[in-house]
Every structure is written in structure tokens, then in C-alpha cells.
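Chains A and B, in that order, give the protein sequences.
With positions in the first sequence counted from 1, the corresponding number in this note's numbering is that position plus 483.
With positions in the second sequence counted from 1, the corresponding number in this note's numbering is that position plus 29.
Think of the CB as a built atom: it goes at the ideal place given N, C-alpha and C, for glycine as much as any other residue.
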Amino acid sequence: EPEVTQTPSHQVTQMGQEVILRCVPISNHLYFYWYRQILGQKVEFLVSFYNNEISEKSEIFDDQFSVERPDGSNFTLKIRSTKLEDSAMYFCASCHGREGNIQYFGAGTRLSVL
Amino acid sequence: GEDVEQSLFLSVREGDSSVINCTYTDSSSTYLYWYKQEPGAGLQLLTYIFSNMDMKQDQRLTVLLNKKDKHLSLRIADTQTGDSAIYFCAENSSASKIIFGSGTRLSIRP
Numbered sequence: 484e485p486e487v488t489q490t491p492s493h494q495v496t497q498m499g500q501e502v503i504l505r506c507v508p509i510s511n512h513l514y515f516y517w518y519r520q521i522l523g524q525k526v527e528f529l530v531s532f533y534n535n536e537i538s539e540k541s542e543i544f545d546d547q548f549s550v551e552r553p554d555g556s557n558f559t560l561k562i563r564s565t566k567l568e569d570s571a572m573y574f575c576a577s578c579h580g581r582e583g584n585i586q587y588f589g590a591g592t593r594l595s596v597l
Numbered sequence: 030g031e032d033v034e035q036s037l038f039l040s041v042r043e044g045d046s047s048v049i050n051c052t053y054t055d056s057s058s059t060y061l062y063w064y065k066q067e068p069g070a071g072l073q074l075l076t077y078i079f080s081n082m083d084m085k086q087d088q089r090l091t092v093l094l095n096k097k098d099k100h101l102s103l104r105i106a107d108t109q110t111g112d113s114a115i116y117f118c119a120e121n122s123s124a125s126k127i128i129f130g131s132g133t134r135l136s137i138r139p
């Protein structure tokens, strides 16, 4: 069964460093998303991406964040200068756009900022 | 703004039914979902319901939707130890963001 894959599963970085979280969405999906879940808190929407551009973003998704679909398969989230409060589980999701608008989630990347 | 609320904990005896409740505020929600998250794992879609439906059954899972009261529930029949997880209620109104509840942690007593 097709699935969303995310790498790495765990990323440790120093405050102020740049990180890139990688995702391979399901191949025939058209909509892509990033969410994050700070430990013990709700899953929060960060950004949605369609037709090679951001379609919606939350207040969390400030200038330190960017997304890119560099080729036909990868979808990346970059955090330019990480802060301690960026420590969270980051989930990538993809959606075909039909089929109940179902978003399929990856297993997540745990980002730890020290 | 949009919000989804659910109780934080539920404890049931193995073999009993579990009922997890959820309320939401967005009256334009077209799809409502239940996701399951096991410890250290991602979000697994369990089931979803379209807003023009009242009920959906899928094996041990029954979803009830009361659109007037904006209330969604998930019933798990014959609850097993493998059902221990956090269950997230979620909604969206288009192919855009999903709004999640805080999650209900289901624990199973022997």
C-alpha cells in the first residue's frame, strides 16, 4: 500500500542551525502539508502546498520556515535558524484531492533543538 | 475560529465498548475524521464520515455524526489491548488544513 515516508526519523540540532526535513508523498497525490506536534499538545497545521506554491499557511509558519518541492517526488520543510521552541514532531501529509479529502500522514520526524 | 474539543482520557475494560466523543465548531465542515496514534508512531487514519451522513460502520468501528449539535463519536466494539492509543478527532472543509482535537488517550483495563 502506498505511504508517505519521512526522513530522518529523528534529527538533533543546535539552536541557530538550519534543518531540512524531508518527505516523499504518495506518488499520485496533488496536495502536500506539514503539521507539527509539540510534546503533549495538539497537532497543528503549518502549511499546505498545491500546484508548486503555498496555498495556505498558519501563523506559526513565519519567515524562518520554507517549503519546496525540488523534484517530482520530494517535499521538504526548511527551518532557517532553529529555536528551542521548534522542538516537536513534524508530520508530512499528502492528499489526492478527491476521496474524502483524506490526508495520509507519514510517521513523522522528531526534531530536537538543543 | 475553528476548534475541535474532546476529552483527554478514557479507560475501559477489555471486551467492553469504548465511546470517544468530540465536538467541533466549524459548521462548514464537510469531512470529519478519526485518526489513531500509537506511542512514538504517526497518525493512522481509522475512518472518516462525510457531513451528509449520520452514521458509518466499519467492522468494530461505528461513527455517529450529529450535525445539528456538531457532535461526533467513535465507538469501538469489543475493545482489545491493541486499541490502546491516542484517538484524534479532526475536521476540514476543503482540501486544506485539518483541524485536530487534543486527542483522547484510551487505556484498556484487564
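Where residue i sits in the DSSP three-state scheme
{"i": "A:Asp569", "result": "helix"}
{"i": "B:Asn95", "result": "strand"}
{"i": "B:Asn50", "result": "strand"}
{"i": "B:Thr76", "result": "strand"}
{"i": "B:Asn121", "result": "strand"}
{"i": "B:Asp45", "result": "coil"}
{"i": "A:Asp545", "result": "coil"}
{"i": "B:Asp112", "result": "helix"}
Beta-carbon proximity of residue i to residue j, cut-off 8 Å
{"i": "B:Leu103", "j": "B:Leu90", "result": "yes"}
{"i": "B:Glu34", "j": "B:Cys51", "result": "yes"}
{"i": "A:Phe532", "j": "A:Arg505", "result": "no"}
{"i": "A:Ile503", "j": "A:Ser577", "result": "no"}
{"i": "B:Lys85", "j": "B:Gln73", "result": "no"}
{"i": "A:Thr565", "j": "A:Met498", "result": "yes"}
{"i": "B:Thr54", "j": "B:Lys99", "result": "yes"}
{"i": "A:Phe548", "j": "A:Ile562", "result": "yes"}
{"i": "A:Gln489", "j": "A:Gly589", "result": "yes"}
{"i": "B:Gly44", "j": "B:Asp112", "result": "no"}
{"i": "A:Glu518", "j": "A:Val507", "result": "Per the sequence shown, residue 518 of chain A should be read as Tyr rather than Glu. Against a cut-off of 8 Å, the Cβ pair of A:Val507 and A:Tyr518 comes out as no contact."}
{"i": "B:Tyr77", "j": "B:Ile127", "result": "no"}
{"i": "A:Glu539", "j": "B:Ser57", "result": "no"}
{"i": "A:Tyr516", "j": "A:Gly580", "result": "no"}
{"i": "A:Tyr587", "j": "A:Val487", "result": "yes"}
8 Å contact criterion, which residue i and residue j should meet: CB distance rounded
{"i": "B:Ile28", "j": "B:Leu39", "result": "Residue 28 of chain B lies beyond the stretch modelled for chain B, which goes from 30 to 139, so this question has no answer here."}
{"i": "A:Gln520", "j": "A:Ala571", "result": "6 Å"}
{"i": "B:Arg138", "j": "B:Val41", "result": "7 Å"}
{"i": "B:Gly130", "j": "B:Ile115", "result": "The Cβ separation is near 10 Å, so there is no contact."}
Partner residues on chain A for residue i, Cβ-Cβ distance less than 8 Å
{"i": "B:Asn95", "result": "Chain A residues near B:Asn95: none, gap ~19 Å exceeds 8 Å."}
{"i": "B:Phe117", "result": "Val526"}
Exposure of residue i, with buried meaning 16 or more beta-carbon neighbours within 10 Å
{"i": "B:Ser46", "result": "exposed"}
{"i": "B:Ile105", "result": "buried"}
{"i": "A:Asp569", "result": "buried"}
{"i": "A:Asn584", "result": "buried"}
{"i": "B:Lys97", "result": "exposed"}
{"i": "A:Leu529", "result": "buried"}
{"i": "A:Gly591", "result": "buried"}
{"i": "B:Gly71", "result": "buried"}
{"i": "A:Asn535", "result": "exposed"}
{"i": "A:Leu522", "result": "exposed"}
{"i": "A:Glu542", "result": "exposed"}
{"i": "B:Asn121", "result": "buried"}
{"i": "B:Phe79", "result": "exposed"}
Within chain B, partners of residue i - CB distance below 9 Å
{"i": "A:Glu539", "result": "Ser125, Lys126"}
Chain B residues whose Cβ lies nearer than 8 Å to that of residue i
{"i": "A:Ala590", "result": "Ala70, Gly71"}
{"i": "A:Phe574", "result": "Gly71, Leu72"}
Listed by chain order, chain A residues near residue i by CB distance under 9 Å
{"i": "B:Leu74", "result": "Ile585, Gln586, Tyr587, Phe588"}
{"i": "B:Phe129", "result": "Tyr518, Gln520, Lys525, Val526, Glu527, Phe528"}
{"i": "B:Tyr53", "result": "The premise fails here: B:Tyr53 is roughly 13 Å from chain A at the closest Cβ pair, so nothing lies under 9 Å."}
{"i": "B:Asn29", "result": "Nothing can be reported for residue 29 of chain B, as the shown portion of chain B is limited to 30 through 139."}
Cross-chain neighbours of residue i in chain B, by beta carbon under 7 Å
{"i": "A:Phe532", "result": "Per Cβ cutoff of 7 Å: no residues; A:Phe532 is ~11 Å from chain B at best."}
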